[in-house]
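Worksheet for the structure shown next.
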Amino acid sequence: MEIKVLHQVMEWNEDVSAQVKRTLGENKVCLVNVMGSPGCGKTSFITELIGLLREEFSIGVIEGDIAGQIDAERIAALGIPSVQLNTDGACHIEAMSIQHILPQFDLGSLDLLFVENIGNLVCPAEFDIGENFRITILSVPEGDDKVKKYPLMFTDTDCLVLNKCDMLPYFDFDLQAVEADYRAVNPEGPLFQVSCRTSQGMEALAGRLKSRIRSELARASEEEAAETAGAKAAEKA
Ligand SMILES: Nc1nc2c(ncn2[C@@H]2O[C@H](COP(=O)(O)OP(=O)(O)OP(=O)(O)O)[C@@H](O)[C@H]2O)c(=O)[nH]1
Ligand SMILES: [Mg+2]
1 MEIKVLHQVM EWNEDVSAQV KRTLGENKVC LVNVMGSPGC GKTSFITELI GLLREEFSIG
61 VIEGDIAGQI DAERIAALGI PSVQLNTDGA CHIEAMSIQH ILPQFDLGSL DLLFVENIGN
121 LVCPAEFDIG ENFRITILSV PEGDDKVKKY PLMFTDTDCL VLNKCDMLPY FDFDLQAVEA
181 DYRAVNPEGP LFQVSCRTSQ GMEALAGRLK SRIRSELARA SEEEAAETAG AKAAEKA
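Residue numbers for the sequence shown follow the working numbering, beginning at 1 and rising by one.
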């Protein structure tokens, strides 16, 4: 199986996230930026979600890693279009790279594009890659102090997923403390407890995601309709 591997575009620092958003909006594609530490379960989570969402949405995945194409191969094995982005050392993905990769997908036939960001709790939070929304994953074995230590990752997210909850009996992990720390930095953000190993909590999460994706796609359609109406009115004037 041949996987397309593209490299991070480093020569420009210009913020092109608005252009990425425009391209995605025009094609009615919802982009979800999945972030978290190395090994927290980002690929496992996307894989689980593909199973739960693929009946309703046409899905593609951009897999970000410093090197290698292991994750893109995992996704391609599911029959889902996937492109591997290698950042060659950079600890985050930039919008410029997403803009560069989008033409690799048949955007007109996609509804949903997952981007698995580089495993890191720091830099990815600082870069808007043109996403509709962000999901941050924290896993039980990482420890219960991460929200306090890396607040931006948990402040600038639309949802926190606590993964590997099947491991809770084996770790001194204070769930209430994590919830309280998260509430302190992100009072409105939902928190889902899941296990990608047992699928615990995944259906409920997928239900909430479906509503969010539907409303993002509906908004893109409304904006397109408004633009068309505006252009027609301008033609007449
Ligand atoms: N017990 C348990 N293991 C899990 C769970 N989710 C993922 N794993 C395991 O955790 C390891 C890392 O999972 P990945 O999905 O590759 O994690 P990732 O965040 O994509 O990793 P990188 O791409 O390397 O940053 C694998 O061995 C998974 O099988 C879970 O809910 N419970
Ligand atoms: Mg991965």
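All residues carry an ideal CB built from backbone N, CA and C; glycine is no exception.
For clarity, every value in this text was computed on a predicted model and none was experimentally measured.
Mind checking whether Val194 and Phe45 have CB atoms under 9 Å apart?
For Val194 and Phe45, yes; Cβs fall inside 9 Å.
Determine the contact status of Ile129 and Val161, defining contact as a CB-CB distance below 9 Å.
Contact: no.
Distance check for Ala225 and Ala231, CA to CA, integer angstroms please.
The alpha-carbon atoms of Ala231 and Ala225 are separated by roughly 10 Å.
Below 8 Å, is the gap between the Cβ of Glu73 and the nearest heavy atom of ligand 2?
With a cut-off of 8 Å, the C-beta of Glu73 is classified as distant from ligand 2, since no heavy atom of the ligand falls inside that distance.
Counting pairs of Cβ atoms below 8 Å between the stretch 12-30 and the stretch 92-102, do you hit three or more?
The stretch 12-30 makes contact with the stretch 92-102, as at least three CB pairs between them are under 8 Å.
Between the CA atoms of Leu138 and Asn86 - distance to the nearest angstrom:
Asn86 and Leu138: Cα-Cα distance of roughly 23 Å.
Take the Cβ of Ser109 as the centre, count every other Cβ of all protein chains shown within 10 Å, and call the residue buried at 16 or more, exposed below.
With fewer than 16 other Cβ atoms within 10 Å, it is exposed.
Out of Asn132, Arg74, Tyr150 and Gln104, which has the shortest C-alpha to C-alpha gap to Gln122?
According to the sequence as given, residue 122 is Val; it is not Gln. Of the listed residues, the one whose Cα sits closest to Val122 is Tyr150.
When you compare each of Asp111, Thr157, Met35 and Gln200 to Asn186 by their alpha carbons, which one comes out closest?
Considering only alpha carbons, the answer is Thr157.
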